[in-house]
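Residue numbers (full-length UniProt numbering), protein chains in the order written: chain A, 1 to 248; chain B, 1 to 287.
Glycine included, each C-beta is placed from N, C-alpha and C at the ideal position.
Just so we're clear, the structure is a prediction, and the values are computed from it rather than from any experiment.
Here's the structure, in C-alpha cells; my notes come after.
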Amino acid sequence: MPETAIAEAPAKAATGGNILQVRNLEAWYGESHILHGINFDVNAGEVVTLLGRNGAGKTTTLKSIMGIIGKRSGSVKFNNQDIIRATSDKIARMGIAFCPEERGIFSSLDVRENLLLPPVVRAGGLPLEQIFDLFPNLKERLNSQGTKLSGGEQQMLAIARILRTGASFLMLDEPTEGLAPVIIQQIGHTIARLKKEGFTILLVEQNFRFASTVADRYYVVEHGKIIDGFSNAELAANMDKLHTYLGV
Amino acid sequence: MQALYAQLLVGLINGSFYALLSLGLAVIFGMLNIINFAHGALYMMGAFVAYFLLNLGGINYWWALLLAPIIVGIFGMILERTMLQWLTGLDHLYGLLLTFGIALIVQGVFQNYFGSSGLPYAIPDQLRGGMNLGFMFLPIYRGWVVVFSLIVCLATWFLIEKTRLGAYLRAATENPTLVRAFGINVPRMITLTYGLGVGLAALAGVLSAPINQVRPLMGADLIIVVFAVVVIGGMGSIMGSIITGFALGVIEGLTKYFYPEASNTVVFVLMVLVLLVKPTGLTGRAA
C-alpha cells in the first residue's frame with residue numbers, strides 16, 4: 001500500500017482540523033539513513049501514538065519534527081507552516097513542546113528551576129497551581145535537586161515543565177518507560193486530562209496496552225517508515241497484526 | 001611583621017586577578033567546553049584598550065573600566081562566531097590549540113608594535129595615596145582592586161547560580177540540544193557567554209594596568225598560574241574559581257614571606273597535590 005494512503009487510512013477521531021502534517025520525512029544520523037519517508041497527520045485535540053519496536057525510528061521521527069536532527073528532508077507542516085528548515089528553538093516558539101525519552105532533567109538545577117526553565121512561548125500555558133494539582137509530588141520537592149527525584153517524579157517534572165509554556169502540541173517520547181504500574185496509571189490519567197484541556201499529543205510508546213487507554217489513533221513505524229495505521233475503535237480488529245508488528 | 005602584611009596584600013591583589021581570570025575561564029569552559037588559552041592575551045588587550053582610550057581618546061580610567069570589557073568582549077564574540085563555534089563537539093585539544101594560536105598572534109602583533117617593555121598607565125587621582133591602618137600602610141588603589149574584584153566575582157556568581165539567565169546557562173552546559181528545543185537560542189547564548197568571560201579578563205587587564213604597567217606579554221606571564229587555579233578549583237566551577245583564586249594569591253604571598261624560593265612554584269605543587277587527592281578539583285564534580 002502506498003505510504004500516503006496508509007497515513008490517511010485511519011478513521012479520524014479528530015476533534016479539530018489538521019495541526020501536523022508529515023510528508024516523506026527522511027532523516028540521517030551522520031551517514032546512517034534512519035527515516036525513509038514518514039507520512040502521517042495529527043489533528044487538533046487528539047492523541048496519536050507511534051508504535052514500533054526498538055530502533056524503528058519513532059524517537060527519530062519526534063526529533064526530526066522538533067528540528068533536533070541536523071540532516072532531514074521532506075515536509076513537516078505545523079498549522080500549515082513548513083518547519084522542516086526551522087531550528088529547534090524557533091519550532092518550540094511556534095508552540096511545539098518535546099518531552100524526551102531520557103527525561104532531560106538537569107542535575108545542576110533544582111526542581112523549581114527545572115520546572116521554570118522552558119520559557120513561556122505563548123499564552124494558554126497551565127498556571128503553576130494547575131500543574132501542582134496534576135502533580136502534587138512536585139510541589140513538595142521544589143527545592144530538591146532535579147536528579148534526586150524518583151524516576152516517576154522525574155517523568156512528571158519532564159511533562160510538567162512543558163505544560164507551562166503555552167505550547168498546544170506536545171510530543172511525549174516513551175513517558176512510561178521504566179516506571180511502576182501505579183505511576184504509569186497516573187501518567188495515563190494526566191494525558192487524558194491534558195487531552196480534555198485541549199492539548200494535542202503525539203505519543204511514542206512501545207507499551208501499546210498503556211497507549212490504548214489514551215490514544216485516538218495509532219501509526220506503526222518499522223524500518224523508518226509508517227507501515228500501518230488505525231483508530232482506537234479499530235484496535236481490537238488489528239490486535240493480531242499489532243502483535244506481529246511489535247513482536248509481542 | 002609589616003613585611004608579612006605587605007606580602008599578604010600583594011597576595012590578595014594577585015588573588016584578585018587570578019579570581020577574575022579563572023572565573024572567566026570557568027564560565028567559558030563550563031559553557032563552551034573550550035580551554036581558552038587566549039584568555040591571557042585578552043586580559044592584555046583589556047589593559048591596552050584602557051591605554052588607548054586614555055592616550056588617544058582622553059577617556060579616563062572609570063570609563064575604561066566599562067568600555068574596555070565591552071570592546072574586548074565584542075572582539076571575543078567575533079572570535080567565537082568566526083572560529084570557536086566550529087569546534088563544537090570536537091576534542092578539547094582542538095579548542096586549546098586554536099586559542100593558543102590566537103594568543104600567539106595577538107601577543108605577536110602587540111609586541112611588534114609596542115615592544116616588550118611596559119607602557120605607563122597612571123593611577124586615577126581619586127585612588128592615589130594610601131591609608132595607615134596601624135599595622136600596615138595600605139595603598140588605596142590596591143585596596144580598591146581587591147574590593148572591586150570581589151564584588152565583580154560575587155556578582156558573576158550570583159548571575160550564574162541565582163538567576164533565570166544563570167539557570168539557562170547551567171542547563172545549556174548539561175544539555176544544549178534540549179535547552180534549544182525549549183525555545184532558547186543557545187548559539188546566541190554561547191556567544192554572549194564567551195563575551196562575558198572575555199569581558200571579565202579585559203576588566204582584570206584594566207585593573208592591572210596601573211599596578212603592573214601595560215605590556216604585550218603581561219597575560220602570558222599570568223595565564224599558566226591561572227590555569228593551575230582553575231584546575232585546583234575544579235574545571236567549570238564558578239565559586240571554586242573565586243575562592244581558589246583569592247586563596248592561592250594569599251598562599252603565594254605567604255610563601256614569599258616564609259620561603260621566598262618556593263613562591264613561584266607553590267601553586268603548581270598544590271595543583272599536583274590536589275590532582276592526586278581529588279582529580280576533579282576542590283569543588284569540581286565528576287563527569
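Proximity winner among the options, relative to residue i (alpha-carbon distances)
| i | options | result |
| --- | --- | --- |
| A:Gln81 | A:Ile69, A:Asp89 and A:Met94 | A:Met94 |
| A:Glu177 | A:Ile38, A:Ala123, A:Phe208 and A:Val47 | A:Phe208 |
| A:Asn18 | A:Thr213, A:Leu142 and A:Val42 | A:Val42 |
| residue 291 of chain B | B:Leu248, B:Leu275 and B:Tyr259 | Because chain B in this structure spans residues 1 to 287, residue 291 of chain B falls outside the shown range and cannot be described. |
| A:Leu179 | A:Arg164, A:Ala167, A:Phe210 and A:Ser168 | A:Phe210 |
| A:Pro100 | A:Val47, A:Ala160, A:Ala86 and A:Leu116 | A:Ala160 |
| A:Val120 | B:Val206, B:Met131, B:Gly89 and B:Phe182 | B:Phe182 |
| A:Leu126 | A:Ile162, A:Ala215, A:Met156 and A:Leu50 | A:Ile162 |
| A:Leu235 | A:His223, A:Lys225, A:Val214 and A:Glu222 | A:Val214 |
Beta carbon of residue i nearer than 8 Å to that of residue j
| i | j | result |
| --- | --- | --- |
| A:Gly104 | A:Ala158 | yes |
| B:Ala209 | B:Tyr51 | yes |
| B:Tyr141 | B:Ile123 | yes |
| B:Arg170 | B:Ile160 | yes |
| B:Ile28 | B:Gly197 | yes |
| B:Ser16 | B:Val146 | yes |
| B:Tyr18 | B:Val226 | yes |
| A:Ala237 | A:Leu170 | no |
| A:Leu142 | A:Arg112 | yes |
| B:Leu9 | B:Leu138 | yes |
| A:Arg217 | A:Val48 | yes |
| B:Ile190 | B:Leu23 | no |
| A:Val220 | A:Leu51 | yes |
| B:Ser180 | A:Ser88 | A small fix is needed here, since residue 180 of chain B is Arg in this sequence, not Ser. Taking 8 Å as the Cβ cut-off, B:Arg180 and A:Ser88 qualify as a contacting pair. |
Interface partners of residue i on chain B, CB under 9 Å
| i | result |
| --- | --- |
| A:Ile68 | Thr177, Leu178, Arg180 and Ala181 |
| A:Ala92 | Arg180, Ala181, Phe182, Gly183 and Ile184 |
Per-residue burial, residue i [other beta carbons within 10 Å of its own, 16 or more giving buried]
| i | result |
| --- | --- |
| A:Asp240 | exposed |
| A:Pro10 | Its pLDDT being 37, under 50, A:Pro10 is placed unreliably by the model, and the measurement read from it follows with that caveat. The residue in question, A:Pro10, is buried, as its Cβ has 16 or more Cβ neighbours within 10 Å. |
| A:Leu172 | buried |
| A:Gly146 | buried |
| A:Pro2 | The predicted model places A:Pro2 with a pLDDT of 38, which falls under 50 and marks its position as unreliable; any figure quoted below should be read in that light. Exposed. |
| B:Phe258 | exposed |
| A:Lys58 | buried |
| A:Glu102 | exposed |
| B:Thr156 | buried |
| B:Phe158 | exposed |
| B:Asn55 | exposed |
| A:Ala14 | Bear in mind that a pLDDT of 42 at A:Ala14, under 50, signals an unreliable position, so the number given afterwards is only what the model happens to contain. Label assigned to A:Ala14: buried. |
| B:Thr255 | buried |
Contacts of residue i in chain B (Cβ-Cβ under 8 Å)
| i | result |
| --- | --- |
| A:Asp173 | Per Cβ cutoff of 8 Å: no residues; A:Asp173 is ~11 Å from chain B at best. |
| A:Val121 | Gly183 |
| A:Asp240 | Residues of chain B passing the Cβ test: none, with the nearest at roughly 37 Å. |
Any chain C beta carbon closer than 8 Å to residue i
| i | result |
| --- | --- |
| A:Gly104 | Of the chains in the structure shown, none is chain C; the protein chains are A and B. |
Cross-chain neighbours of residue i in chain B, by beta carbon under 7 Å
| i | result |
| --- | --- |
| A:Arg141 | The premise fails here: A:Arg141 is roughly 17 Å from chain B at the closest Cβ pair, so nothing lies under 7 Å. |
| A:Pro100 | Leu178 |
| A:Ser144 | The contacting residues do not exist; A:Ser144 stays about 15 Å from chain B at best. |
| A:Ser88 | Arg180 and Ala181 |
Proximal chain A residues relative to residue i, where beta-carbon distance stays under 9 Å
| i | result |
| --- | --- |
| B:Arg170 | Phe106, Ser108, Leu109 and Glu113 |
| B:Ala122 | None at all; the shortest Cβ gap to chain A is about 44 Å. |
| B:Ala167 | Phe106, Ser108, Leu109, Glu113, Asn114, Leu116 and Leu117 |
Chain-ordered neighbours of residue i on chain A, where CB pairs are closer than 8 Å
| i | result |
| --- | --- |
| B:Glu174 | Phe106, Ser107 and Ser108 |
Can you confirm whether the segment 113–128 of chain B touches the segment 208–224 of chain B when touching is taken to mean that 3 or more C-beta pairs between the two stretches lie within less than 8 Å? In short, these stretches touch, since the Cβ pair count reaches three.
Segment contact, 8 Å Cβ cut-off, at least three pairs: the segment 32–41 of chain B with the segment 263–270 of chain B: The answer is no - the segment 263–270 of chain B does not touch the segment 32–41 of chain B, with fewer than three Cβ pairs under 8 Å.
Is the segment 177–191 of chain B in contact with the segment 60–70 of chain B, if contact means three or more CB pairs nearer than 8 Å? Touching, no, given that fewer than three Cβ pairs across the two stretches are closer than 8 Å.
Under 8 Å: do the segment 235–243 of chain B and the segment 78–86 of chain B share three or more Cβ pairs, one atom per stretch? The answer is no - the segment 78–86 of chain B does not touch the segment 235–243 of chain B, with fewer than three Cβ pairs under 8 Å.
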